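Student: Chains as they are written, first to last, in this note's numbering: chain A, 1 to 331; chain B, 1 to 331.
Quick one: the structure is below, and I'll ask about it shortly.
2 protein chains.
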Amino acid sequence: MNGPEKPARGRKVTSFDVAQRAGVSRAAVSRSFTPNASVSPETREKVVRAAKELGYRVNYLARGLINRRSDFVGVIAAGMDNPYRAMQIEQITKNLVRRNFKPILLPADHGESADHVMDQLLHYNVSGVLVTSDAPPTALCAEFAAAGVPIVLINKADTIPSVDRVVSDNNAAGKLAAATLVEAGARKLAVIVSSATSYTARCRQQAFVSACYALQRDVRVIPVEYNSYRHGLAAASCLDGVDGVFCVNDYMACGLIDGLHRQGGRDSIRIVGHDDIPQAAWSAYDLTTISQPCDVQAEQAVNLLVSRMDEPAQPERLEVTPVSLVRRGTA
Amino acid sequence: MNGPEKPARGRKVTSFDVAQRAGVSRAAVSRSFTPNASVSPETREKVVRAAKELGYRVNYLARGLINRRSDFVGVIAAGMDNPYRAMQIEQITKNLVRRNFKPILLPADHGESADHVMDQLLHYNVSGVLVTSDAPPTALCAEFAAAGVPIVLINKADTIPSVDRVVSDNNAAGKLAAATLVEAGARKLAVIVSSATSYTARCRQQAFVSACYALQRDVRVIPVEYNSYRHGLAAASCLDGVDGVFCVNDYMACGLIDGLHRQGGRDSIRIVGHDDIPQAAWSAYDLTTISQPCDVQAEQAVNLLVSRMDEPAQPERLEVTPVSLVRRGTA
DNA sequence: CTGTTAGCGCGTTCAT
DNA sequence: ATGAACGCGCTAACAG
């Protein structure tokens, strides 16, 4: 007979099996796989070998049942067509995994579905939830907080008791955009933004408009339905007389640039984006933009989460992600 | 007193609490939340009300302990910088959630980490695993199969007993690319491809080269380190004498186009990409490409998964995702 | 249709 | 340091 024994088909190997084979009690097996438990090196040795031979692995679900905690963290995300989301999700999940959490990813595009999906999470007693969705689940958040489940909102508006948030420094971003455009020689400014969906984008818009007033420049708000490539593309035809534009995100800015290019007037108008998605650096766009570092943002979010796991009763906190200008060709 | 009662801080409300408040047994509570269970409408009514008042929710983890199954499905993904991955992950997770699974997303970029991460999954007895990573976990897959965990590989090479796969129709893609370039008037062909990482990309390359021979055209293979934007950009300087290029993915093709543009020679050379990422349709690129529909691919993968969950012993299967040409400006 | 019993796989007292 | 007993939250099987 060669190779490790196979457990009987379909029957999972349990700590009992290991205990039996190692000639010890189940408690000994448990302790052998629990950090900082008191087991003699010899018993542990026996247990570990038996476990390996049987292909045994601790059932974390059962363990969690006793400890009253699972290592799961819900990640709610909407608008995955925006490349920035992909970066966000990558950073968040990597950060989570690094700290030994298991991210369960829940796409929630169509508003109502977010409720249903978050509701599901309660059944798995996740030890926390991260929300990057644009569509606010408002009331549901309170329910989580009430259930004692830490929840962190990323770039969202609602200030809810016991719900922490991390938001980008939109104020600085708006100012930076205005200053950069003006410095580049723009006189007639505009900002393209969806009035409905994204809270954080509206904040940037407001900061931008204020800054333009302060700099004594004309500024127009060009409303679109959604901050996406498509709508940026379409907005290109609404820019008569404008010579400097702030796009509230790069995704839309790429559309705008392509739209202007079709009209042959790309170079005559300065553009600043926001997010610094990979495409902004692609030389077809070479977009001057404001970086929102989603790696530090992920770090902040997860930090808030674990800190509230340790101390659930503390008052809600607001963390601000710093932004910075990335100078490229469009301004 | 108004509003729903709050459970004591920190103490989760259990089926026992509900049973007590509704004046029934715990079994009755259980049945009230189990589809197709036999409960009288009245008891269920009482139970549901009590549950609502207490904020009770069934603990699926405990339930899974009995049923010997969790609703979790592991999703291993690498190379999230490629926009195609983002689409893939979105489709996969949406599909999973629609069928009431909970996708746990595990980023696994650096080869070795994939092993560790997949190993973790065994502890949560997931009911299946989907792998889209470029780096093959080879031996580990067998371990999963042995443990009775269904596992489906997307666009990967290894044929392992009991491990199902879904791969894109790379043969058709290669032929299609060659035919399209030739039809567009190309005489000196080339294919840009990483020789190390992606199995599926190498298949496309081989099919392409064969098709070029069949069409009696010259063809060169231009090797790069990784099929990414950066390397596509760099490859632009290796194309002397070539007038038709097949990029094994769009991500790299975007880089190539930008690279050629810098040299001022974009229009003189025909290009076909693969995947049909959103950026391929962006008018800065307007890339003729071969669509690999990741929504149907996700559907295929999940189908394979559930079918093996129902019937674990069946022989491994191979499903092919159909591809189709999307004509745009570059060919 | 209902309540009672047993047990899923495991961690943790409490003795020894 | 080790084993026996109990319980985490829930459902399956069995009576009634």
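Positions of the beta carbon are idealized from the N, C-alpha and C atoms, including for glycine.
These figures come from a predicted structure and were not determined experimentally.
1) What residue from B/Val245, B/Ser228, B/Tyr229 has the CA that sits closest to B/Arg220's CA?
2) What residue from A/Ala284, A/Gln292, A/Asp276 has the CA that sits closest to B/Gly264's CA?
3) From B/Lys343 to B/Gly64, what does the alpha carbon distance come to, in whole angstroms?
4) With DSSP as the reference, label B/Pro322 as helix, strand or coil.
5) Grab the span of the alpha helix (DSSP H) containing A/Phe16 for me, first residue to last.
6) Along the alpha helix (DSSP H) that carries B/Phe144, what are the first and last residues, could you check?
7) In angstroms with no decimal places, state the Cα-to-Cα distance between A/Gly232 and A/Arg202.
8) Cβ of A/Asp71 within 8 Å of Cβ of A/Phe101?
9) Determine the chain B residues that contact A/Arg309 at a beta-carbon separation under 7 Å, and present them in chain order.
10) From this set, B/Ala51, B/Ile89, B/Leu140, which residue's C-alpha is nearest B/Asp295's C-alpha?
11) Could you tell me whether any Cβ in chain A is nearer than 8 Å to the Cβ of B/Arg328?
12) Under 7 Å, CB to CB, which of the residues in the region 95 to 107 of chain A have a partner in chain B?
13) Only counting the same chain, and skipping five residues up and downstream in sequence, which positions put a Cβ closer than 7 Å to that of B/Val163?
14) How long is the line joining the alpha carbons of A/Ala139 and B/Ile160, rounded to whole angstroms?
15) If the cut is a Cβ gap below 7 Å, which residues of chain A does B/His231 touch?
16) When the Cα atoms are used, what is the spatial distance from B/Ala62 to B/Arg31?
17) Using the beta-carbon of each residue, which ones in chain A are nearer than 8 Å to B/Tyr285?
18) To the nearest angstrom, how far is the alpha carbon of B/Ala192 from that of B/Val248?
19) Alpha carbon to alpha carbon, what distance is there between A/Val24 and A/Asp17?
20) Relative to the C-alpha of B/Arg328, which residue among B/His261, B/Leu181, B/Met309 is closest?
21) What distance in whole Å lies between the Cβ atoms of A/Asp276 and A/Val326, which are believed to be in contact at a cut-off of 8 Å?
22) Alpha carbon to alpha carbon, how far is A/Val29 from A/Ala19?
23) Check whether the region 120 to 128 of chain A and the region 170 to 177 of chain A are in contact - that is, three or more C-beta pairs closer than 8 Å.
24) At what residues does the beta strand (DSSP E) containing B/Ile271 begin and finish?
25) So, for A/Val48: in the same chain, excluding its five sequence neighbours on each side, which residues have a beta-carbon less than 8 Å away from its beta-carbon?
26) First and last residue of the beta strand (DSSP E) that includes A/Cys247?
27) Does the Cβ of A/Lys46 have 16 or more other Cβ atoms within 10 Å, making it buried, or fewer, making it exposed?
28) Closer than 8 Å, CB to CB, is A/Gln314 near chain B or not?
29) Would a check of beta-carbon distances place A/Arg49 closer than 8 Å to chain B?
30) Straight-line CA distance for A/Tyr213 to A/Thr200?
31) When burial is assigned at 16 or more other CB atoms within 10 Å of the CB, is B/Leu287 buried or exposed?
32) Let me check one thing: in DSSP terms, what residues is B/Pro218 bridge-paired to?
33) Does the Cβ-Cβ distance between B/Ala332 and B/Leu105 come in under 8 Å?
34) Are any of the Cβ atoms in chain B nearer than 8 Å to that of A/Pro161?
35) Alpha carbon to alpha carbon, how far is B/Glu299 from A/Arg44? Give it in angstroms, no decimals.
Tutor: Concretely, from the data shown:
1) B/Val245
2) A/Ala284
3) No statement about residue 343 of chain B is possible, as the shown extent of chain B runs from 1 to 331 and does not include it.
4) coil
5) 15 to 22
6) 139 to 146
7) 16 Å
8) yes
9) As written in the sequence, residue 309 of chain A is Met, which differs from the Arg given in the question. The premise fails here: A/Met309 is roughly 12 Å from chain B at the closest Cβ pair, so nothing lies under 7 Å.
10) B/Ile89
11) no
12) Val97, Lys102, Pro103, Ile104, Leu105, Leu106, Pro107
13) Cys141, Ala145, Ile151, Leu153, Glu316
14) 48 Å
15) Neighbours of B/His231 on chain A: none; closest Cβ ~14 Å, over 7 Å.
16) 15 Å
17) Ala284
18) Residue 192 of chain B is actually Ile in this sequence, not Ala. Taking the straight line joining both Cα atoms gives about 7 Å.
19) 10 Å
20) B/Leu181
21) 5 Å
22) 6 Å
23) no
24) 270 to 275
25) Ser32
26) 244 to 247
27) buried
28) no
29) no
30) 20 Å
31) buried
32) Note that residue 218 of chain B is Asp in the sequence shown here, rather than Pro. Answer is B/Lys188, bridged to B/Asp218.
33) The requested residue 332 of chain B is not part of the displayed model; chain B covers only 1 to 331.
34) no
35) 45 Å
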